[in-house]
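When we follow numbering that gives the first Met the number 0, the leftmost residue of the sequence shown carries the number 0, and every step to the right adds one. No residue lacks a Cβ here, since even glycine has one placed at the ideal position from N, Cα and C. First comes the structure, then the notes that go with it.
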Amino acid sequence: MKKLNTISDIAYINNKDLPASIQKEIFDEARIAYKDKDENYQPRVLLIGGAGYIGTIVSQYLLDYGYQVRCYDNLIYGQYNNVLPFLNNTNYEFIYGDICNQMELELALKNVDSVVLLAGLVGDPITKTYPDESELINEKGIINTISMLNGKGIRKVVFISTCSNYGLINNDELAAEDYQLNPLSLYAKAKVSTEKYILSLKDNVDYHPTILRFATAFGLSPRMRFDLTISEFVHDLYFGKELLVYDANTWRPYCHVADFALLIRRTLEFPVSYTSFEVFNAGGEINNFTKQGVVDHITKFIPNCAVKYKDHGADPRNYRVNFSKVKEIMHFEPSFSVEDGIQELIFALSNHLFDSVDSNRNDFGNYKLKLST
Ligand SMILES: NC(=O)c1ccc[n+]([C@@H]2O[C@H](COP(=O)([O-])OP(=O)(O)OC[C@H]3O[C@@H](n4cnc5c(N)ncnc54)[C@H](O)[C@@H]3O)[C@@H](O)[C@H]2O)c1
Numbered sequence: 000m001k002k003l004n005t006i007s008d009i010a011y012i013n014n015k016d017l018p019a020s021i022q023k024e025i026f027d028e029a030r031i032a033y034k035d036k037d038e039n040y041q042p043r044v045l046l047i048g049g050a051g052y053i054g055t056i057v058s059q060y061l062l063d064y065g066y067q068v069r070c071y072d073n074l075i076y077g078q079y080n081n082v083l084p085f086l087n088n089t090n091y092e093f094i095y096g097d098i099c100n101q102m103e104l105e106l107a108l109k110n111v112d113s114v115v116l117l118a119g120l121v122g123d124p125i126t127k128t129y130p131d132e133s134e135l136i137n138e139k140g141i142i143n144t145i146s147m148l149n150g151k152g153i154r155k156v157v158f159i160s161t162c163s164n165y166g167l168i169n170n171d172e173l174a175a176e177d178y179q180l181n182p183l184s185l186y187a188k189a190k191v192s193t194e195k196y197i198l199s200l201k202d203n204v205d206y207h208p209t210i211l212r213f214a215t216a217f218g219l220s221p222r223m224r225f226d227l228t229i230s231e232f233v234h235d236l237y238f239g240k241e242l243l244v245y246d247a248n249t250w251r252p253y254c255h256v257a258d259f260a261l262l263i264r265r266t267l268e269f270p271v272s273y274t275s276f277e278v279f280n281a282g283g284e285i286n287n288f289t290k291q292g293v294v295d296h297i298t299k300f301i302p303n304c305a306v307k308y309k310d311h312g313a314d315p316r317n318y319r320v321n322f323s324k325v326k327e328i329m330h331f332e333p334s335f336s337v338e339d340g341i342q343e344l345i346f347a348l349s350n351h352l353f354d355s356v357d358s359n360r361n362d363f364g365n366y367k368l369k370l371s372t
């Protein structure tokens with residue numbers, strides 16, 4: 000990747016795969032966004048919750064595309080190892096802090112062009128285990144953070160939400176962004192109330208927010224999470240465990256972490272007329288799968304697996320998602336298939352990169368908090 004040298008590189012190098020007319024609009028957007036800066040200015044993005052599974056990938060990706068990255072995170076699982084390699088990069092800055100701490104956050108918000116909100120207790124199980132912390136962080140902390148963003152000279156805010164918000168839908172339907180939300184867990188309920196809060200700010204804030212409802216993630220990351228379906232299934236089958244799959248015919252959309260990083264960058268760079276106060280499902284229809292479909296793909300590469308099936312598991316979610324809007328408006332389609340992710344992980348497992356997952360469980364998933372907030 001060529002280093003981004005000038006503001007016009009944002010349009011013409013970062014986005015060379017897009018149609019020329021859009022590149023021109025992105026160029027005009029960059030001219031407005033950075034009008035007071037010199038030509039060599041590198042925009043600064045604050046990644047709140049940037050030390051996690053997705054955030055570490057987004058950090059490296061934005062650095063590669065010429066941005067300055069400031070990560071604000073309280074390393075809630077003790078995952079300090081994941082930020083250490085970034086500290087050699089002069090365009091990277093780590094600030095330890097909690098989104099519930101207004102004073103610390105105030106400092107982190109200084110001189111940033113845009114903010115990506117990734118922080119929180121992520122996933123249904125961790126929010127069930129820690130309901131009080133979940134309320135404090137995922138509801139109060141996030142809303143408090145958002146309420147601090149106005150008047151700070153921030154142009155774009157990206158809130159990372161989840162397709163889990165759809166919960167349970169009729170099997171033959173695909174949920175587009177206006178499909179009725181049916182959050183079933185504390186985790187998704189907090190995402191839905193945050194989305195509502197953000198959308199209620201229209202005409203009352205000086206920045207442009209976008210809500211990205213992410214599919215379930217897969218793909219390698221410095222902070223690996225084996226508590227996510229594809230990674231967990233591949234890991235367990237690779238090591239010859241018997242896999243118990245609940246409700247094999249339930250649907251879920253998946254998306255690779257590298258594709259998420261691209262979509263976040265694109266949201267930061269696209270003209271606000273396309274993104275402001277917009278909600279996008281983030282993923283692609285080729286990666287809508289049942290759990291059975293995921294297992295079938297894995298067993299192509301790991302034969303003779305022991306898989307058992309049961310109905311009526313604890314997680315009733317079942318949703319297939321329509322990704323037309325992000326494709327049409329943001330020209331976004333995932334470049335990684337579920338099969339790519341499975342092969343990538345098997346390659347890493349066969350090179351002994353994840354031999355110690357079972358003995359160091361908490362280093363590889365969202366199971367136990369390091370601190371009580
Ligand atoms: N991973 C997925 O499958 C998935 C799917 C849909 C949406 N998302 C969303 O993407 C975002 C990132 O998910 P992830 O998988 O990287 O999760 P993660 O748990 O790996 O990362 C979350 C980060 O937030 C930090 N954090 C938690 N509480 C904090 C606090 N009080 N103050 C500051 N930092 C705090 C954690 O230390 C961690 O680094 C989340 O908003 C999540 O809801 C993820």
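Where Glu92 is concerned, the enclosing beta strand (DSSP E) starts and stops at Tyr91 to Tyr95. For Ile345, there is no enclosing beta strand (DSSP E); the enclosing alpha helix (DSSP H) has its first and last residue at Val337 to Ser349.
Under a 10 Å Cβ-count criterion, Thr266 is classified as buried, with 16 or more other Cβ atoms of the shown protein chains found around its own Cβ. Shortest gap from the CB of Leu117 to any heavy atom of ligand 1: under 6 Å.
Ranked by how close their Cα comes to the Cα of Phe269, the residues Tyr11, Glu28, Thr215 and Asp8 have Glu28 in first place.
Rounded to whole angstroms, the separation of the alpha carbons of Asn169 and Arg264 is 33 Å. Using a cutoff of 6 Å, the CB of Asn361 does not count as near ligand 1, since none of the ligand's heavy atoms is closer than that. Three or more beta-carbon pairs separated by less than 8 Å link the stretch 115–122 to the stretch 30–48, which places the two stretches in contact.
Beta-bridge annotation (DSSP): Ala305 is not paired with any residue.
By the neighbour-count criterion, in which a residue is buried when 16 or more other Cβ atoms sit within 10 angstroms of its Cβ, Ser113 is buried.
Annotation: the stretch 5–52 contains the following complete segments of the beta strand (DSSP E) (minimum length 3 residues), in chain order: 43–47. Annotation for Arg69: the continuous beta strand (DSSP E) segment containing it runs Gln67 to Asp72. For ligand 1, a non-hydrogen atom lies closer than 6 Å to the CB of Leu227. In terms of Cα proximity to Ala281, the closest of Gly292, Ala305 and His330 is His330.
Inter-residue distance for Ala313 and Thr144 is about 32 Å (C-alpha atoms, whole angstroms).
Here the alpha carbons of Tyr33 and Glu327 stand approximately 27 Å from one another.
Within the DSSP secondary-structure output, Asn317 pairs in a beta bridge with Leu167. At a threshold of 6 Å, Val121 counts as near ligand 1, since its beta carbon sits closer than that to one of the ligand's heavy atoms. Below 8 Å, too few C-beta pairs join the stretch 238–249 and the stretch 211–224 to call them touching: fewer than three. Three or more Cβ pairs closer than 8 Å define a contact, and the stretch 81–96 meets that threshold against the stretch 56–69.
Taking 6 Å as the cut-off, one finds at least one heavy atom of ligand 1 near enough to the beta carbon of Gly140. Nearest neighbour of Ser349 by Cα position, chosen from Asn286, Phe238 and Thr274, turns out to be Phe238. The three-state secondary structure of His296, taken from DSSP, is helix. For Ser184, there is no enclosing beta strand (DSSP E), as DSSP gives it neither H nor E. Here the distance from the Cβ of Phe213 to the nearest heavy atom of ligand 1 is below 6 Å. Short of 7 Å from the beta carbon of Gly140, and not among the five residues preceding or following it, lie these beta carbons of its own chain, in chain order: Ile98 and Cys99.
A distance criterion of 6 Å places the beta-carbon of Thr266 beyond contact range of ligand 1, judged by its closest non-hydrogen atom. Beta-bridge annotation (DSSP): Cys254 is paired with Ala216. Within 10 angstroms of the beta-carbon of Leu74 lie 16 or more other beta-carbons, which makes it buried.
Secondary structure at Ala260: helix, using DSSP grouped into helix, strand and coil.
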